[in-house]
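Student: Here's a structure for you.
There are 2 protein chains.
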Amino acid sequence: MSQLRKDPIVDRWVIIAAERGRRPSDFAPTRQPVSASGCPLCEGSEHKTPPEVFAIRDGTPPNSPGWRVRVVPNKFPALAIEGEVNRSGIGLFDHMNGIGAHEVIIETPDHFADMAQASPEHIVDVFTAFEQRTHELRRDERFRHVIIFRNYGAAAGASLTHPHSQLIALPIVPKIVKDKLQSAREYYRHKERCIFCDLIEQEIALPDRVVYQNQHFIILSPFAARFPFSVEIYPLQHSYDFVLMDDAERLSLAEALKFVLTKYRTVLNDPAYNLILQTAPNTLPRPGHPDYWDSIQCDYHWHIEIMPRLTKMAGFEWGTGFYINPVSPEDAAEYLRGEVGEEGIADSSPAEQEAEDE
Amino acid sequence: MSQLRKDPIVDRWVIIAAERGRRPSDFAPTRQPVSASGCPLCEGSEHKTPPEVFAIRDGTPPNSPGWRVRVVPNKFPALAIEGEVNRSGIGLFDHMNGIGAHEVIIETPDHFADMAQASPEHIVDVFTAFEQRTHELRRDERFRHVIIFRNYGAAAGASLTHPHSQLIALPIVPKIVKDKLQSAREYYRHKERCIFCDLIEQEIALPDRVVYQNQHFIILSPFAARFPFSVEIYPLQHSYDFVLMDDAERLSLAEALKFVLTKYRTVLNDPAYNLILQTAPNTLPRPGHPDYWDSIQCDYHWHIEIMPRLTKMAGFEWGTGFYINPVSPEDAAEYLRGEVGEEGIADSSPAEQEAEDE
């Protein structure tokens with residue numbers, strides 16, 4: 001079983017996935033993604049995955065062809081679904097056993113499909129799968145948080161090209177989520193307003209960083225974006241949890257997502273990207289934490305982060321948590337809105353592009 | 359001028375390096391590092407860099423050939439050296455102008471040299487350059503922290519192949535450094551001992567994660583390592599600042615560094631890596647902060663982090679700050695000590711290697 005270990009100095013957990021143990025040569029950079037012919041996620045290869053835990057089907061039996069979206073446990077999970085969460089420690093070191101869920105949301109039977117080109121209705125099916133699995137896993141009292149993410153392209157960490165997302169249910173609320181929750185909580189205590197709602201209102205008033213807006217959602221180029229052309233998608237109406245979307249909101253989100261993914265294809269030439277769904281932790285009432293889970297409904301605001309993988313993390317970023325972003329968020333918004341072409345906005349000279357970090 | 363921006367939700371700063379402004383097509387993944395013939399860091403090309411701010415020379419004049427180590431301002435700096443640090447804000451947003459220093463430490467005149475194969479005495483020259491520049495920049499009261507790092511290989515963010523490190527002086531102490539300082543401070547208040555000293559003692563007592571030890575330094579495979587085969591190098595004797603090394607310690611560190619970089623070459627087939635020097639923030643006495651700068655001498659312990667870039671950051675890591683490490687730190691230490699060959703330690707089956715994150 002894998003193990004969760006906490007860094008003795010900083011508040012950071014790591015999953016040591018020992019079963020995935022590799023020899024040094026396994027990290028050779030030439031390893032290529034699995035081709036369509038051997039793809040275990042394609043329609044007709046249902047026997048190559050663990051049995052499905054959810055699917056949207058038109059009356060076909062489980063684990064057979066005839067589905068639109070299919071969710072299966074990860075064949076090589078980072079965390080194991082069976083067992084109890086035991087915390088223990090040795091001297092300065094804290095660890096717990098690696099309990100959790102790790103699932104793959106297969107978004108389409110078609111190996112060569114792309115979310116940017118899918119119909120909004122099909123994207124809604126994918127959200128439905130996200131919601132159903134989140135509902136189900138939140139019933140498990142061992143899990144404190146469910147994170148859903150999409151790695152697109154090898155540079156974003158994807159090893160299979162078949163369109164898919166992943167879900168991980170964790171026995172602890174991760175640091176970045178805790179930091180966001182705490183910041184929102186503090187702001188709410190002072191102002192009795194949601195910090196995200198205020199942020200959205202401020203951005204709409206001076207819309208330099210607004211990439212897109214429809215009836216229910218807004219796409220922002222973040223003021224302090226860490227990565228060029230990264231965006232955040234927020235529901236316009238305050239909501240702490242994505243599972244509370246109604247049908248109209250789901251369709252509106254699908255259209256927003258399709259808009260930005262299409263812009264990535266056309267403006268950025270189909271870059272690798274990471275998409276992360278940031279929603280509230282598991283909000284079932286828990287003994288000892290009533291305040292926490294009650295007030296989260298007021299102060300937290302769910303959102304989606306998308307980060308194209310155009311730049312490399314380097315020593316400066318790893319060492320400081322400080323990021324260098326070579327594209328201003330205002331320029332990025334202008335490109336993604338589609339107001340400028342390849343001739344550019346600023347007078348950045350080609351000579352400057354020779355040295356990336358020097 | 360570039361701008362420092364603070365994320366409105368979480369404590370995270372970003373350098374928006376607008377002068378480095380790029381068009382979307384500039385991020386094409388095919389861009390290759392500069393070859394030796396056009397390299398601006400080679401001996402004989404001194405005119406291609408800004409004038410040097412430090413060099414170790416045998417009597418030759420500045421900005422001419424005949425040097426062993428040479429430090430120049432970065433031609434395309436992320437931060438500008440001239441100007442005052444002005445903080446301001448608009449609504450939820452905080453920013454300051456991008457003041458700082460950004461220098462390149464050219465470690466050798468030889469384009470094809472490698473630190474793993476350099477003599478320990480030459481590596482000591484590089485440390486000397488680090489120390490001299492840190493001393494100099496700490497005199498500038500605008501700067502709160504100096505970070506030195508080395509990006510080796512394109513996957514680690516290096517765009518030039520000529521051996522070099524970089525230095526950035528910042529007007530604020532970055533988050534990761536603050537977190538480490540605060541944790542060390544809290545531990546010291548409770549125990550009146552340095553947490554790093556205790557950690558080193560605990561690791562020596564049960565040396566599963568000790569990679570190497572010599573008279574003055576120890577190399578550890580961290581208990582909660584985020585990345586496979588990453589290491590941390592600590593001085594055995596408590597010291598909060600790397601500039602306090604004496605000659606014997608410098609040589610001892612050079613030998614330790616050479617050991618682990620050589621192991622990376624032989625065991626991991628010369629991977630890209632990031633090296634980060636984590637030392638105390640600028641410790642000149644500053645009005646209003648006497649306690650802070652006094653006690654840091656007791657509670658902080660400088661160190662070097664080295665992270666081979668063998669795995670990709672993916673959505674899970676970006677979204678949670680949680681990491682998945684597929685190699686146990688104990689196995690990594692065993693490989694790096696050189697006790698096992700390519701046949702492996704664990705019984706990890708090759709079949710498991712097909713799906714990296716699924």
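As you go down the protein sequences, you meet chains A and B in turn.
No gaps in the numbering here: position 203 of the first sequence is 203 in the numbering used here, and each next residue is one more.
The number in the numbering used here is simply the position in the second sequence, starting from 1, with 358 added.
Positions of the beta carbon are idealized from the N, C-alpha and C atoms, including for glycine.
(1) Within 10 Å of its beta-carbon, does A:Q166 have 16 or more other beta-carbons around it, so buried, or fewer, so exposed?
(2) Against A:M313, what residues of chain B qualify as contacts under a CB-to-CB distance less than 7 Å, listed in chain order?
(3) Of the choices B:V685, B:G456 and B:Q475, whose alpha-carbon is the least far from that of B:F501?
(4) B:F507 and A:G315 look like a contact to me (Cβ under 8 Å); what is the Cβ gap, rounded to whole Å?
(5) Assess, as a yes-or-no matter, whether the segment 297–313 of chain A is touched by the segment 228–240 of chain A under the definition of 3 or more beta carbon pairs within less than 8 Å.
(6) Do A:I324 and B:V372 have their C-beta atoms within less than 9 Å of each other?
(7) Are any of the Cβ atoms in chain A nearer than 9 Å to that of B:F581?
(8) Please go through the same chain and pick out, in chain order, the residues whose beta-carbon is closer than 6 Å to the beta-carbon of A:A17, but skip the five residues on each side of it.
(9) Enumerate, from N- to C-terminal direction, the unbroken beta strand (DSSP E) stretches of 3 or more residues contained entirely within the segment 73–140 of chain A.
(10) Is there a Cβ from chain A that is less than 9 Å from the Cβ of B:F554?
(11) With distances taken Cα to Cα, identify the nearest neighbour of A:G91 among A:K6, A:T279 and A:Q297.
(12) Quick one, which residues of the segment 421–439 of chain B are near chain A if we go by CB-CB under 7 Å, in chain order?
(13) Locate the alpha helix (DSSP H) running through A:Q215, then write down its first and last residues.
(14) Are the C-beta of B:F680 and some C-beta of chain A separated by less than 9 Å?
(15) Excluding the five sequence neighbours on either side, which residues of its own chain have a C-beta within less than 7 Å of the C-beta of B:D369, listed in chain order?
(16) Kindly give me the distance between the Cβ atoms of A:H102 and A:N74, rounded to whole angstroms, as I take these residues to be in contact under 8 Å.
(17) Cα separation between A:A116 and A:I195?
(18) If the cut-off is 8 Å on Cβ atoms, which residues from the segment 158–179 of chain A count as contacting chain B, listed in chain order?
(19) Taking B:Q573 as the reference, give the member of B:Y545, B:D566 and B:A614 with the closest Cα.
(20) Give the DSSP-derived three-state secondary structure of A:E232 in the structure shown.
(21) Can you tell me whether B:W425 is helix, strand or coil according to DSSP?
(22) In whole angstroms, what separates the C-alpha of B:E494 from that of A:E141?
(23) To which residues of the same chain is B:R428 closer than 6 Å at the C-beta, ignoring the five residues directly before and after it?
(24) Between which two residues does the beta strand (DSSP E) carrying A:V359 extend?
(25) Under 9 Å between C-beta atoms, does A:D362 make it to chain B?
(26) With DSSP as the reference, identify every bridge partner of B:R508, one or two as the case may be.
(27) Going by C-alpha to C-alpha distance, which of B:V482, B:A513, B:S422 and B:V531 sits closest to B:R496?
(28) Let me know the secondary structure DSSP gives B:R389 once reduced to three states.
(29) Does the CB of A:P109 have a neighbour CB from chain B at under 9 Å?
(30) CA-CA distance, A:P207 and A:E82?
(31) Run through DSSP, which three-state label would A:P8 get?
(32) Comparing the C-beta of B:Y598 with each C-beta of chain A, is any distance below 9 Å?
Tutor: Reading from the atomic positions:
(1) Within the first sequence, residue 166 of chain A is the residue found at index 166, counting from 1. Buried, by the Cβ-count rule.
(2) The residue you call residue 313 of chain A lines up with position 313 of the first sequence. Within chain B, the residues near A:M313 are G515 and M671.
(3) Along the second sequence, one-based indexing puts residue 501 of chain B at 143. It is B:G456.
(4) Working through the second sequence from its first residue, we reach residue 507 of chain B at position 149. Working through the first sequence from its first residue, we reach residue 315 of chain A at position 315. Contact between B:F507 and A:G315 holds: CB atoms are separated by about 3 Å, below the 8 Å threshold.
(5) Judged by Cβ distances under 8 Å, the segment 228–240 of chain A makes contact with the segment 297–313 of chain A, as three or more pairs qualify.
(6) Translated into the one-based positions of the first sequence, residue 324 of chain A becomes position 324. Translated into the one-based positions of the second sequence, residue 372 of chain B becomes position 14. It is a contact, given that the beta carbons lie within the stated cut-off.
(7) Working through the second sequence from its first residue, we reach residue 581 of chain B at position 223. B:F581 counts as touching chain A.
(8) If you number the first sequence from 1, residue 17 of chain A lands on position 17. Beyond the five residues adjoining it in sequence on each side, A:A17 comes within less than 6 Å, by CB distance, of S2 and A78 in the same chain, given in chain order.
(9) Qualifying beta strand (DSSP E) stretches, in chain order: 87–90, 93–97 and 101–106.
(10) Within the second sequence, numbered from 1, the residue matching residue 554 of chain B stands at position 196. Chain A, which has a Cβ nearer than 9 Å to the Cβ of B:F554, makes this yes.
(11) The residue you call residue 91 of chain A lines up with position 91 of the first sequence. Checking every option, the nearest Cα to that of A:G91 belongs to A:K6.
(12) Cβ contacts with chain A come from N432, K433, F434 and A436.
(13) To locate residue 215 of chain A, count along the first sequence from 1; it is residue 215. Per DSSP, A:Q215 belongs to no alpha helix (DSSP H) and is neither H nor E.
(14) Along the second sequence, one-based indexing puts residue 680 of chain B at 322. Chain A, which has a Cβ nearer than 9 Å to the Cβ of B:F680, makes this yes.
(15) One-based indexing of the second sequence puts residue 369 of chain B at position 11. Excluding residues within five positions, the ones whose Cβ falls inside 7 Å are K533.
(16) Taking the first sequence and counting its residues from 1, one reaches residue 102 of chain A at position 102. Taking the first sequence and counting its residues from 1, one reaches residue 74 of chain A at position 74. Indeed, because the Cβ distance is near 4 Å, the residues count as touching under 8 Å.
(17) Sequence index remark: in the first sequence, residue 116 of chain A carries index 116 (1-based). Sequence index remark: in the first sequence, residue 195 of chain A carries index 195 (1-based). When rounded, the distance between both Cα atoms is 30 Å.
(18) When C-beta distances to chain B are compared with 8 Å, the residues of the segment 158–179 of chain A below that value are A158, S159, L160, H164, Q166, I168, L170, P174, K175, I176, V177 and D179, in chain order.
(19) Residue 573 of chain B sits at position 215 when you count from the first residue of the second sequence. Of B:Y545, B:D566 and B:A614, the residue nearest in Cα terms is B:A614.
(20) Residue mapping note: residue 232 of chain A aligns to position 232 of the first sequence, counting from 1. Taken through DSSP and simplified to helix, strand or coil, A:E232 comes out as strand.
(21) Start at 1 with the first residue of the second sequence, and residue 425 of chain B comes out as number 67. Correct three-state label for B:W425: strand.
(22) In the second sequence, residue 494 of chain B corresponds to position 136, counting from 1. In the first sequence, residue 141 of chain A corresponds to position 141, counting from 1. Taken atom to atom, the span from the alpha-carbon of B:E494 to that of A:E141 is near 56 Å.
(23) Stepping through the second sequence from its first residue, residue 428 of chain B is reached at position 70. Cβ neighbours of B:R428 within its own chain (closer than 6 Å, five residues either side excluded): E410, A413 and I464.
(24) Here chain A comprises residues numbered 1 to 358, so residue 359 of chain A is not present and cannot be evaluated.
(25) This structure does not reach residue 362 of chain A, given that chain A is present from 1 up to 358, and the question cannot be answered.
(26) Translated into positions along the second sequence, residue 508 of chain B becomes position 150. For B:R508, the pairing in a beta bridge is given by DSSP as B:L633.
(27) Start at 1 with the first residue of the second sequence, and residue 496 of chain B comes out as number 138. The residue with the shortest Cα to Cα distance from B:R496 is B:V531.
(28) What you label residue 389 of chain B is simply residue 31 of the second sequence in a count that begins at 1. For B:R389, the predicted structure reports a pLDDT of 44, less than 50, and the residue's modelled location is therefore unreliable. The matter cannot be settled from this model.
(29) Taking the first residue of the first sequence as position 1, residue 109 of chain A is located at position 109. At a cut-off of 9 Å between beta carbons, A:P109 makes no contact with chain B.
(30) Taking the first sequence and counting its residues from 1, the one referred to as residue 207 of chain A is at position 207. Taking the first sequence and counting its residues from 1, the one referred to as residue 82 of chain A is at position 82. If you take the alpha carbons of A:P207 and A:E82, they lie about 49 Å apart.
(31) Residue mapping note: residue 8 of chain A aligns to position 8 of the first sequence, counting from 1. Assigned with DSSP and collapsed to three states, A:P8 falls in coil, not helix or strand.
(32) Residue mapping note: residue 598 of chain B aligns to position 240 of the second sequence, counting from 1. Contact of B:Y598 with chain A is not assigned, every C-beta pair being separated by 9 Å or more.
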